[in-house]
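First up is the structure itself, then whatever we jot down about it.
Protein chains: 2
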Amino acid sequence: MRPAENAQLALLLEVSGTPKPGNVDRERDLPDLRFEDFLAGAVGAGAGLRAAESDSIGIAFERAVEGMADLHGENTQFGALLLLVPLVRAASEGDLSPAGAERVVRNTTVEDAAAFYRAFEHCSVFVSDPPAEWDAVDVRRGAAAIPAVEERGLTLFDVMALGDADDVAREWTGGFERSFRVADRIEELSGPLSDRAATAFCEELARRPDTLVAKKHGEGIARRVSEQVAAFDGNERLLGALARVFVERGINPGTTADVVAAGLFVALERGVEA
Amino acid sequence: MRPAENAQLALLLEVSGTPKPGNVDRERDLPDLRFEDFLAGAVGAGAGLRAAESDSIGIAFERAVEGMADLHGENTQFGALLLLVPLVRAASEGDLSPAGAERVVRNTTVEDAAAFYRAFEHCSVFVSDPPAEWDAVDVRRGAAAIPAVEERGLTLFDVMALGDADDVAREWTGGFERSFRVADRIEELSGPLSDRAATAFCEELARRPDTLVAKKHGEGIARRVSEQVAAFDGNERLLGALARVFVERGINPGTTADVVAAGLFVALERGVEA
Numbered sequence: 089m090r091p092a093e094n095a096q097l098a099l100l101l102e103v104s105g106t107p108k109p110g111n112v113d114r115e116r117d118l119p120d121l122r123f124e125d126f127l128a129g130a131v132g133a134g135a136g137l138r139a140a141e142s143d144s145i146g147i148a149f150e151r152a153v154e155g156m157a158d159l160h161g162e163n164t165q166f167g168a169l170l171l172l173v174p175l176v177r178a179a180s181e182g183d184l185s186p187a188g189a190e191r192v193v194r195n196t197t198v199e200d201a202a203a204f205y206r207a208f209e210h211c212s213v214f215v216s217d218p219p220a221e222w223d224a225v226d227v228r229r230g231a232a233a234i235p236a237v238e239e240r241g242l243t244l245f246d247v248m249a250l251g252d253a254d255d256v257a258r259e260w261t262g263g264f265e266r267s268f269r270v271a272d273r274i275e276e277l278s279g280p281l282s283d284r285a286a287t288a289f290c291e292e293l294a295r296r297p298d299t300l301v302a303k304k305h306g307e308g309i310a311r312r313v314s315e316q317v318a319a320f321d322g323n324e325r326l327l328g329a330l331a332r333v334f335v336e337r338g339i340n341p342g343t344t345a346d347v348v349a350a351g352l353f354v355a356l357e358r359g360v361e362a
Numbered sequence: 089m090r091p092a093e094n095a096q097l098a099l100l101l102e103v104s105g106t107p108k109p110g111n112v113d114r115e116r117d118l119p120d121l122r123f124e125d126f127l128a129g130a131v132g133a134g135a136g137l138r139a140a141e142s143d144s145i146g147i148a149f150e151r152a153v154e155g156m157a158d159l160h161g162e163n164t165q166f167g168a169l170l171l172l173v174p175l176v177r178a179a180s181e182g183d184l185s186p187a188g189a190e191r192v193v194r195n196t197t198v199e200d201a202a203a204f205y206r207a208f209e210h211c212s213v214f215v216s217d218p219p220a221e222w223d224a225v226d227v228r229r230g231a232a233a234i235p236a237v238e239e240r241g242l243t244l245f246d247v248m249a250l251g252d253a254d255d256v257a258r259e260w261t262g263g264f265e266r267s268f269r270v271a272d273r274i275e276e277l278s279g280p281l282s283d284r285a286a287t288a289f290c291e292e293l294a295r296r297p298d299t300l301v302a303k304k305h306g307e308g309i310a311r312r313v314s315e316q317v318a319a320f321d322g323n324e325r326l327l328g329a330l331a332r333v334f335v336e337r338g339i340n341p342g343t344t345a346d347v348v349a350a351g352l353f354v355a356l357e358r359g360v361e362a
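Chains A and B are the protein sequences, given in the same order.
The opening residue of the first sequence carries number 89 in the numbering used here; numbering runs sequentially from there.
The opening residue of the second sequence carries number 89 in the numbering used here; numbering runs sequentially from there.
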């Protein structure tokens, strides 16, 4: 399969993995977000993922998000696509390694940043308040922030470097460390890939609080979520019960899922056998 | 979404629907065929489905099957793609109706037939023995049968007309009657589309014995399967129990699933709301 296809398959395998406490999976819908929305998101992102093999990173990302949100306007895989687009490019350039991915993101331009801001027009994305001096380039302004981005000469990499409380941004500026770690773990595990993805999700969440949960509910809750998942140590029945509690409380560790999707992609590119 | 994307989504929604006694769904793998194989099949078929919007029907089908089988060489959606490819073309020509679909299939050529035979080289497809006089053009000969196909001047439509014991072929020669009926039913039902697909599957199977089951196990068993599904009349628990029995006995009503995938596509093209 070509890189864009492996990226699409990674999105589908990620959402199929169960149980992943707090997130949508093949057995659990959230009140406002369903398994089927993720299927439609993965299909709609296809053209943007294909563009990521050769077009500008920003344009490819915007197109992927636009396609993802096309059917229902839902944000299902915004963060995952933000990781997958540069990884697809690195793969199609023949160097899917931390160094190869870092080269791709460091080569992004101000035009890539502008396209990234336009992507926020296609669906709603949960983002924290930036520091006051960065208010003019708050991503929630969408395309309206582009003149300020251009004036300051910010590349997409620069924009990501501002988002250090977000673990998707941190992958961009930190050599995709967790994405590659998850890929190693998925290769090491056995069984169906979506089962391995669910295991890797729980392990990653236990290891590090989810930044989407932290932004929505505070860092204390995010830490507690990680401790609870760690305490249940892979017990499927207990994790299923925890899933019900998390869903009731609106606790949705989406950033960890994004990292797992990226790890699945890397593992698929390396030819992992299901 | 463009037609090729709706076709890909139809494949994903079809396999996600549960319970569908005897078939793979999001809760059930078969011993040799898994839910994840169907995800990979839908992803891999994408390029062929896009080709179906404008390329030759036969070439598009061959490409879709080649992509479907790329990762594991499994036949997951051969029959569904044989229905979807002409329906995608009819949709992209702006006439997704029985008449529009019939025009597409009646316009197929000997070259389309040749590509269809080549598609059998990419994965194994269960087919019955043809009558003796058609032995030279038995599809199981794959590309080796092409000289005989060309000599007899058979178009792909002609080849389908030979396959009247197969309900996918019967859709081709009968105006896609069941595909459009399933689309109507899916629009009429409510709830998530994959749930509606599972309901439509059981209703269609109750109404008409599955030709794949008939070819593998005989017409008596195929009739009995339909009677059992009819008797359980939508009771999810009983249908789940039946699913276990069917899987144990290798009873896999795959043709009915193909027709449901086609019906889902038509419903999506008509803008069905999930």
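Glycine is no exception: its CB is placed at the ideal position from the N, C-alpha and C atoms.
Every value quoted in this text rests on a predicted model; they were computed, and no experiment measured them.
Using a threshold of 8 Å, state whether the C-beta atoms of residue 307(B) and residue 358(B) are closer than that.
For the pair residue 307(B) and residue 358(B), the CB atoms are not nearer than the 8 Å cut-off.
DSSP state of residue 254(B) mapped onto helix, strand, coil:
When DSSP states are grouped into helix, strand and coil, residue 254(B) belongs to the coil group.
According to DSSP, is residue 298(B) helix, strand or coil?
For residue 298(B), the three-state secondary structure derived from DSSP is coil.
Neighbour flag for residue 123(A) against chain B, beta carbons, 8 Å:
It does: the Cβ of residue 123(A) has a partner Cβ on chain B nearer than 8 Å.
Step through the CB atoms of chain A and report whether any lies within less than 8 Å of the CB of residue 183(B).
It does not; no Cβ of chain A falls within 8 Å.
By how many angstroms is the C-alpha of residue 138(B) removed from the C-alpha of residue 150(A)?
So the two alpha carbons sit approximately 21 Å from each other.
Could you confirm whether any beta carbon from chain A is found closer than 8 Å to the beta carbon of residue 159(B)?
Cβ-Cβ to chain A under 8 Å: yes for residue 159(B).
Local conformation of residue 113(A) per DSSP, three classes
Three-state result, residue 113(A): strand.
Does residue 334(B) pass the burial test, meaning 16 or more other C-beta atoms within 10 Å, or should it be called exposed?
Buried.
Determine the chain B residues that contact residue 280(A) at a beta-carbon separation under 9 Å, and present them in chain order.
Here the neighbours are 117, 122, 123 and 124.
In chain A, which residues lie with their C-beta within 9 Å of the C-beta of residue 187(B)?
None at all; the shortest Cβ gap to chain A is about 28 Å.
DSSP state of residue 100(B), grouped into three classes?
The answer is helix: DSSP assigns residue 100(B) an H, G or I state.
Among 209(A), 179(A) and 174(A), which one has its Cα closest to the Cα of residue 194(A)?
Here the closest residue by C-alpha is 174(A).
Find out if the Cβ-Cβ distance for the pair residue 304(A), residue 166(A) is shorter than 8 Å.
No.
Interface residues of chain A facing residue 357(B) [CB-CB closer than 7 Å]:
None at all; the shortest Cβ gap to chain A is about 12 Å.
Looking at the secondary structure, which residues open and close the alpha helix (DSSP H) in which residue 147(B) lies?
For residue 147(B), the uninterrupted alpha helix (DSSP H) segment begins and ends at 145-156.
Residues, ordered as in the chain, of the segment 260-294 of chain A that lie near chain B by beta-carbon distance below 8 Å:
For the segment 260-294 of chain A, the set of positions with a beta-carbon nearer than 8 Å to some beta-carbon of chain B reads 280, 281 and 282 in chain order.
Looking at the unbroken alpha helix (DSSP H) that takes in residue 365(B), where does it start and where does it end?
Nothing can be reported for residue 365(B), as the shown portion of chain B is limited to 89 through 362.
Near residue 86(B), which residues of its chain fall below 8 Å by C-beta distance, leaving aside the five closest residues on each side in sequence?
Residue 86(B) falls outside the range modelled here, since chain B spans only 89 to 362, and no answer is possible.
CB contact check: residue 112(B) to chain A, cutoff 8 Å
Closer than 8 Å to the CB of residue 112(B) there is not a single CB belonging to chain A.
In chain order, each alpha helix (DSSP H) run of at least 4 residues that lies wholly inside the segment 188-220 of chain B
Complete alpha helix (DSSP H) runs here, min 4: 198-207.
May I ask you to verify whether the segment 232-246 of chain A touches the segment 187-207 of chain A, counting CB pairs closer than 8 Å and requiring at least 3?
They touch, by the three-pair rule.
Using the beta-carbon count (16 or more within 10 Å), is residue 282(B) buried or exposed?
Here residue 282(B) is buried: its Cβ has 16 or more other Cβ atoms, across all protein chains shown, within 10 Å.
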